[in-house]
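Q: In my numbering, the protein residues as written are 1 to 152. Positions of the beta carbon are idealized from the N, C-alpha and C atoms, including for glycine. The structure follows.
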């Protein structure tokens with residue numbers, strides 16, 4: 001997989017501080033060789049980067065970018081808990097897309113997160129996945145991503 005920190009630098013990605021929880025949970029939990037990352041919203045600098053339903057207020061292309069932001073926040077949670085250098089592979093992600101009625105492009109939106117993990121971890125970033133359309137997300141976020149990663 002190579003040095004994940006060098007790869008992040010090549011990609012121009014700076015890992016932000018871990019996003020504080022918005023309710024009664026922790027950002028990530030390690031048990032054995034796995035870390036379970038709570039759903040991450042597209043927070044940037046302490047605020048949502050966008051709000052609204054995908055396919056209405058938020059264009060699918062923008063939502064894909066926001067899913068990428070969620071994935072960076074997943075990386076921040078892992079970094080804070082165990083360090084990204086300990087990641088063996090991304091096992092599974094679940095992406096939730098706040099969807100306008102009739103919007104069925106959830107897989108394309110969640111690709112924003114999936115593609116980021118592939119760029120950062122290479123083959124170890126390939127993962128199982130679910131892309132789920134929902135009527136609303138916390139704080140009116142357009143997208144949320146949770147993840148399970150294997151650690152060394």
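Would you kindly report the start and end of the unbroken alpha helix (DSSP H) that includes residue 121?
A: Here residue 121 corresponds to residue number 121 of the chain shown, with the count starting at 1. Residues 106-121.
Q: Cβ of residue 143 within 8 Å of Cβ of residue 42?
A: As a working note, residue 143 is residue 143 in the chain shown. As a working note, residue 42 is residue 42 in the chain shown. Against a cut-off of 8 Å, the Cβ pair of residue 42 and residue 143 comes out as a contact.
Q: Could you please give me the residues that DSSP links to residue 31 through a beta bridge?
A: Position 31 of the chain shown, counted from the first residue, corresponds to residue 31. Residue 31 pairs with 34.
Q: Where residue 139 and residue 36 are concerned, what is the direct C-alpha to C-alpha distance, given to the nearest angstrom?
A: Counting from 1 along the chain shown, the entry for residue 139 is found at position 139. Counting from 1 along the chain shown, the entry for residue 36 is found at position 36. Cα-Cα distance, rounded: 22 Å.
Q: For residue 58, which residues from the same chain have a beta carbon less than 6 Å from its beta carbon, with the 5 sequence-adjacent residues on both sides left out?
A: The sequence position of residue 58 within the chain shown is 58, counting from 1. These residues qualify, in order along the chain: 50, 52, 142.
Q: Got a sec? Which residues, its chain only, sit under 8 Å from residue 44 by beta carbon, not counting five neighbours each side?
A: Your numbering for residue 44 matches position 44 in the chain shown. 16, 69, listed in sequence order.
Q: Tell me which same chain residues have a C-beta within less than 8 Å of the C-beta of residue 22, skipping the five on either side of it?
A: Taking the first residue of the chain shown as position 1, residue 22 is located at position 22. 41, 138, 139, listed in sequence order.
Q: Please state the DSSP three-state secondary structure of residue 132.
A: Taking the chain shown and counting its residues from 1, the one referred to as residue 132 is at position 132. Residue state, collapsed to three classes: strand.
Q: From this set, 146, 117, 126, which residue's C-alpha is nearest residue 7's C-alpha?
A: Counted from its first residue, the chain shown places residue 7 at position 7. The option with the nearest alpha carbon to residue 7 is 117.
Q: Below 8 Å between beta carbons: does that hold for residue 155 and residue 147?
A: The structure shown does not extend to residue 155, since the chain spans only 1 to 152, so no value can be given for it.
Q: For residue 137, does the three-state DSSP call read helix, strand or coil?
A: The residue you call residue 137 lines up with position 137 of the chain shown. Residue 137 falls in the coil class under three-state DSSP.
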